[in-house]
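In our numbering, the protein residues as written are 3 to 98.
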């Protein structure tokens, strides 16, 4: 899993941001699966990143990390370039 690179947040962040802009906060996979699968932006995991830190940066709420976790796994079922995250506490530098 360490050597596997993938789009960790590319479409996920874009989808979640679109959801917030539209005024309907995401409630997990169902909210994200209703959105477009197109990637609005690609994010590369940096040193000291955590899903909660990324959620706070892009969504303004560190508690939204579970939505990113779930949405990334949902996207993985469509595109294996996205992570199948087994543990939300483990993300690696360089993952996209």
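A virtual CB, placed ideally from N, CA and C, is assigned to each residue, including glycine.
This one's a predicted model, so the numbers in the text were calculated from it and none came from an experiment.
Nearest candidate by alpha-carbon position, reference residue i, set the options
i, options, result
"residue 65", "71, 77 and 54", "54"
"residue 89", "96, 67 and 79", "67"
Collapsed DSSP secondary structure at residue i in the structure displayed
i, result
"residue 92", "coil"
"residue 46", "coil"
"residue 58", "helix"
"residue 71", "helix"
"residue 106", "For residue 106 there is no data in the structure shown, the boundaries of the chain being 3 and 98."
"residue 63", "coil"
Inter-residue CB distance, residue i and residue j (contact presumed, cutoff 8 Å)
i, j, result
"residue 84", "residue 77", "4 Å"
"residue 75", "residue 61", "That belief does not hold up - the Cβ atoms of residue 75 and residue 61 are roughly 17 Å apart, past 8 Å."
"residue 1", "residue 92", "The first residue shown for the chain is 3 and the last is 98, placing residue 1 beyond what the model contains."
Residue i burial status per 10 Å Cβ neighbour count (16 or more: buried)
i, result
"residue 49", "exposed"
"residue 56", "buried"
"residue 81", "exposed"
"residue 47", "buried"
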